[in-house]
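Each residue of the sequence shown is one higher than the one before, starting from 84 at the first, in the numbering used here. Notes follow the structure.
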Amino acid sequence: MTDLDSEVLPLPPRYRFRDLLLGDQSFQSDDRVQVEFYVNENTFKERLKLFFIKNQRSSLRIRLFNFSLKLLTCLLYIVRVLLDDPNQGIGWAPILWVERKMALWAIQVIVAMISFLETMLLMYLSYKGNIWEQIFQVSFVLEMINTLPFIITIFWPPLRNLFIPVFLNCWLAKHALENMINDFHRAILRTQSAMFNQVLILFCTLLCLVFTGTCGIQHLERSGGNLSLLTSFYFCIVTFSTVGYGDVTPKIWPSQLLVVIMICVALVVLPLQFEELVYLWMERQKSGGNYSRHRAQTEKHVVLCVSSLKIDLLMDFLNEFYAHPRLQDYYVVILCPTEMDVQVRRVLQIPLWSQRVIYLQGSALKDQDLMRAKMDNGEACFILSSRNEVDRTAADHQTILRAWAVKDFAPNCPLYVQILKPENKFHVKFADHVVCEEECKYALLALNCICPATSTLITLLVHTSRGQEGQESPEQWQRMYGRCSGNEVYHIRMGDSKFFREYEGKSFTYAAFHAHKKYGVCLIGLKREDHKSILLNPGPRHILAASDTCFYINITKEENSAFIFKQEEKQRRQGCSGQGLYEGPSRLPVHSIIASVGTVAMDLQNTECRPPQSRGDSKLALPTENGSGSRRPSIAPVLELADSSALLPCDLLSDQSEDETAQSDDEGLSVVEYVKGYPPNSPYIGSSPTLCHLLPVKAPFCCLRLDKGCKHNSYEDAKAYGFKNKLIIVSAETAGNGLYNFIVPLRAYYRSRKELNPIVLLLDNNLDSLLQCGIIYADNLVVVDKESTMSAEEDYMADAKTIVNVQTMFRLFPSLSITTELTHPSNMRFMQFRAKDSYSLALSKLEKRERENGSNLAFMFRLPFAAGRVFSISMLDTLLYQSFVKDYMITITRLLLGLDTTPGSGYLCAMKISEDDLWIHTYGRLFQKLCSSSAEIPIGIYRTECHVFTTSESQISVNMEDCEDTREVKGPWAAQAGGGGSAHGRHLGGSDQTDPPLLRHKSLQWARKLSRRGPKQAGKAAAAAEWMGQQRLSLYQRSERQELSELVKNRMKHLGLPTTGYDEMNDQQNTLSYVLINPPPDTRLEPNDIVYLIRSDPLAHVAGSSQARKSSYSHKLASCNPETRDETQL
84 MTDLDSEVLP LPPRYRFRDL LLGDQSFQSD DRVQVEFYVN ENTFKERLKL
134 FFIKNQRSSL RIRLFNFSLK LLTCLLYIVR VLLDDPNQGI GWAPILWVER
184 KMALWAIQVI VAMISFLETM LLMYLSYKGN IWEQIFQVSF VLEMINTLPF
234 IITIFWPPLR NLFIPVFLNC WLAKHALENM INDFHRAILR TQSAMFNQVL
284 ILFCTLLCLV FTGTCGIQHL ERSGGNLSLL TSFYFCIVTF STVGYGDVTP
334 KIWPSQLLVV IMICVALVVL PLQFEELVYL WMERQKSGGN YSRHRAQTEK
384 HVVLCVSSLK IDLLMDFLNE FYAHPRLQDY YVVILCPTEM DVQVRRVLQI
434 PLWSQRVIYL QGSALKDQDL MRAKMDNGEA CFILSSRNEV DRTAADHQTI
484 LRAWAVKDFA PNCPLYVQIL KPENKFHVKF ADHVVCEEEC KYALLALNCI
534 CPATSTLITL LVHTSRGQEG QESPEQWQRM YGRCSGNEVY HIRMGDSKFF
584 REYEGKSFTY AAFHAHKKYG VCLIGLKRED HKSILLNPGP RHILAASDTC
634 FYINITKEEN SAFIFKQEEK QRRQGCSGQG LYEGPSRLPV HSIIASVGTV
684 AMDLQNTECR PPQSRGDSKL ALPTENGSGS RRPSIAPVLE LADSSALLPC
734 DLLSDQSEDE TAQSDDEGLS VVEYVKGYPP NSPYIGSSPT LCHLLPVKAP
784 FCCLRLDKGC KHNSYEDAKA YGFKNKLIIV SAETAGNGLY NFIVPLRAYY
834 RSRKELNPIV LLLDNNLDSL LQCGIIYADN LVVVDKESTM SAEEDYMADA
884 KTIVNVQTMF RLFPSLSITT ELTHPSNMRF MQFRAKDSYS LALSKLEKRE
934 RENGSNLAFM FRLPFAAGRV FSISMLDTLL YQSFVKDYMI TITRLLLGLD
984 TTPGSGYLCA MKISEDDLWI HTYGRLFQKL CSSSAEIPIG IYRTECHVFT
1034 TSESQISVNM EDCEDTREVK GPWAAQAGGG GSAHGRHLGG SDQTDPPLLR
1084 HKSLQWARKL SRRGPKQAGK AAAAAEWMGQ QRLSLYQRSE RQELSELVKN
1134 RMKHLGLPTT GYDEMNDQQN TLSYVLINPP PDTRLEPNDI VYLIRSDPLA
1184 HVAGSSQARK SSYSHKLASC NPETRDETQL
């Protein structure tokens, strides 16, 4: 057993490495049979064909050799002509016989034999069964004419001086060059070579015609005018160019006949060549050609990949992309699979864009087209989805494939991807920046319900503007609104900033207040050097460091600002009593006015000192906490370092007890209990987890139907539920995954439980469904753009159904806040359309004038957009474009919209200014009040003003009898009707000065009854006739508003719903609203102003200071004036 184990058998020879390298004789001599399997390529003919024809590189060498031989024969012919004796006599002899040197003859014979053998070999290899077809080919005939006579002269010496038209080899050289170029392009895999080939063929054809004519005329004129080679060349050029000087002419008929033949050939061949060239040129213009590799290596370019390029999309991209100064030298390469639109072609022919924009027709899924666009050398690639597709999921799938193709071809190229559906976002997670349309759309619609006009605020922030829109308008609100629209978000390192570097080591709130006070800039957030997360308003406990990156809102960035310091500031400060607009322990000694380079100047507050006012007469003086006749103290200063005892505890973290006490005081209505937690189920992959208010127990599915009762409750309408807060109704086509992003911001943990509005999802958009879901108890109605109507034969008709539906609801419920989203921004002018409103016509003219001036925000003055009633998600395309320069814009926008929550980062909310808050007077003092009391950063104002609109068609009676009756009752009755109309107005900002039609008609009927009281001699027939006429007259005099009101009330009665709440919604407010982003500090506050705030995260310091909060909370509640605490609440 041990012997067998110790004896190890050697490995077979084929497994030993030494034998594999050196070979093993025993293995080679083994009794084995080696079988070789032959295929057609192993025959001798196939191997020759593979070498001469099929193989790209070897056939390219063979054709190059053949081309060189033909050029050599033409060169030898020119040498022979130059060595020839011109004086040969007259007749046919000089034409048939030439003088040829022996050495020249020998070289020509050798070249001819090589060419002949090569031609016969290629003829044999390409033989396909028809020998006559190959024999009568033009190339074969020319080859035989130029080679066989030389071979014959070897055996018959007297023929050595016979003329042989060797110059015809130029055509064979042209044929060889074409084949060589084709093989060359095939070897290097260059597909876009048709244009180059055609130009080369045309050039070679012209050269061969000129060379053939020159040599032929020179040879035939040996028996005539005896022209030299140069003179013949001159004659051919003059003739083919149709100049024809006539100083050189052929003398004998053979040369004249040759000239005629050459002209006829040129007239036939050249137009065909030019036609082919023009056709290829037009096709090249359609496809766009190539982006030069040399330009790609020396210049910077970005690539825009789209499914179909529309003029609006193109202009939005170009205007936003080239709005940044450092992008002026960039090229834009557009890669689109469809042919260029006529409008797009006209725009790209403008010199402003033709030098910087290159259109390529091709697909991003083809490497050849990506190579044409030089994607691997691009600075960025923007991939946009087609939102006009019927199937938006299919459009996302195309976008995903394009992103994958670009990432596979150019992995180092930054990707900026736009996706439509949120559930498809995780497929492009590898992209550098991703914007999901439905996420942003639903989040904007949700925030519009609690922070009015958030869509307008975000849209203006992400658009590049210089703030010069509307500055020539006579309307004050348009000038202020246009100037504040120029504010954008910028960033700078704190250590390099003149705005913020003096606040190093101070609290964030202190820096924000004093930067706004001194420079007019609004500091909204920062990013630590060692953290990637951006924090919005981290609160007063955050201490600034020199390495922090600050994000601020301003008209222009700091690098483009000139600081003009006032020399007399010191003298003014010495004369001040210290009770100016800003009161605090550290009033900064220097104020400055920022004169923006290329933009409008920033008007800061008036820094002149004001005389101190007596406390008795001052409106800013407020009662103190004890309330005993004295006044409240002035606004507290903003501390450099946070004092934990001076900060009010966050109500949102400790509102459990407040909610419980509030519930005990309410009537016996059922109150919904909430718990804070994360949603248990995510509707799609990639949704950001957000702490929300949740129900303790999941509600049964049957209880989700508002219009149908179930075994758990018997409620069938919104009135029966007894909701305390106003409803938010969402009218959508389907309940898609995007609704998750609508609900989460409205149920976020930082929203107070008292502010949570019931959300009703309406999938059937008709009048009965609107009434049943409780629209008369709703505060906001959100209409989501229907996906089934986004595709239409005419692009701009995609919003037709949504616009008409919203207009109908606007007529039925004038005072209801209706918010919707459209596909095309230009269609916003049809929202709340008034055909006979002169003010709307004036706004239309203003929009056209601003568009002519080159504004990118010409639509901003439309009243529905300014008030936040409508927006277009295509406006947020600029968010993706701005991310190329500002890579933080998407993150900041998502934080503001509540799509992402970062620990320590604040959130967007709003606060309404009441009559009791007007003691603050100015926006700058409000900034100080918020920073000192609750550490909140205001970023803008939503202002509503009274405006008298002209009488619209809804208030005009169309019956002529109405006018006659109105003229009959002038005097006290009309005055009394007018007084009654003003007494019943419920508008906050004022109402129309004209009398309400309903009140006017009632007063007219009353006057008519008084005038008709007389003797009672009239019979019953006359009374009945009078009554019928009066009823008919009242029907004629009804306005459209009355008809709509009766229609709605009748439907409510039919459905068994009370009509008490509809009369309050029936009044139409004559107001206009607009957004002021970061207004100047001296902006006066007005009643009903809504201030946008960035409130610090209530969970930012819970872990570290929970005990301190509990110990100081009861003391603060006892000592703090509740009226003061309510000043900063929504």
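All residues carry an ideal CB built from backbone N, CA and C; glycine is no exception.
- DSSP links N863 through a beta bridge to I811 and S900.
- Per DSSP, I136 lies in no beta strand (DSSP E) and is assigned neither H nor E.
- A contact is defined here as three or more CB-CB pairs under 8 angstroms, and the stretch 410-429 meets this definition with respect to the stretch 377-394.
- The count of Cβ pairs closer than 8 angstroms, one atom from the stretch 156-171 and one from the stretch 189-198, reaches three, so the stretches are in contact.
- Closest in C-alpha terms to R475, from the list F238, N460, E506 and P772, comes E506.
- In the DSSP assignment, E571 falls within the beta strand (DSSP E) that extends over E571 to R576.
- Collapsing the DSSP output to three states places A993 in a strand.
- Partner residues in the beta bridge of R1178, as assigned by DSSP, are Y990.
- A buried status is given to L789, since no fewer than 16 other beta-carbon atoms sit within 10 Å of its beta-carbon.
- A straight-line Cα-Cα distance of about 20 angstroms links V326 and F286.
- Linking A477 to C388 through their CA atoms gives a straight-line distance of about 16 angstroms.
- The shortest C-alpha to C-alpha distance from K393 to any of L435, L355, L844 and S469 is the one to S469.
- The stretch 924-971 contains, as complete alpha helix (DSSP H) runs of 4+ residues, the segments 946-949 and 960-965 (chain order).
- For Y879, the three-state secondary structure derived from DSSP is helix.
- Taking C793 as the centre and dropping the five residues before and after it, the same chain places the C-beta of C785 and C786 closer than 7 angstroms to its C-beta, in chain order.
- For L963 against F465, the beta-carbon gap comes to about 7 angstroms, under 8 angstroms, which counts as contact.
- Residues of the same chain with a CB within less than 6 angstroms of the CB of S814, apart from the 5 flanking positions on each side, are L845, N848 and V866 in chain order.
- At least 8 angstroms separates the beta-carbon of W487 from that of E1028.
- A993 and A941 have their C-alpha atoms some 27 angstroms from each other.
- Scanning M203, L205, L166 and L204 for the CA closest to the CA of L187 turns up L166.
- Residue pairing for T1027: DSSP places it in a beta bridge opposite S1156.
- Under the three-state reduction of DSSP output, P1021 falls in the strand class.
- Put simply, the backbone Cα of Y210 is about 22 angstroms away from that of L260.
- Under the DSSP assignment, L1138 falls outside any beta strand (DSSP E); it carries neither an H nor an E label.
- In terms of Cβ geometry, T906 and A925 do not form a close pair [threshold 8 angstroms].
- T314 has no beta-bridge partner at all, per DSSP.
- A straight-line Cα-Cα distance of about 17 angstroms links A949 and F893.
- DSSP, read as helix, strand or coil, puts Q501 in strand.
- Contact between I996 and D1172 holds: CB atoms are separated by about 4 angstroms, below the 8 angstroms threshold.
- Across the set N840, C319 and T314, the C-alpha of N840 shows the shortest separation from the C-alpha of Y757.
- DSSP, read as helix, strand or coil, puts T985 in coil.
- Residues A941 of the same chain have their beta carbon placed closer than 8 angstroms to that of R934, with the five preceding and five following residues left out of the count.
- Sequence-distant partners of L959 (beyond 5 residues in either direction) whose C-beta falls short of 6 angstroms from its own C-beta, in its chain, are C523.
- Here D491 is actually not in contact with M577; their C-beta atoms are around 41 angstroms apart, not less than 8 angstroms.
- Annotation: the continuous beta strand (DSSP E) that includes G608 extends over C605 to K610.
- In the three-state reduction of the DSSP assignment, H795 falls in the coil class, being assigned neither a helical nor a strand state.
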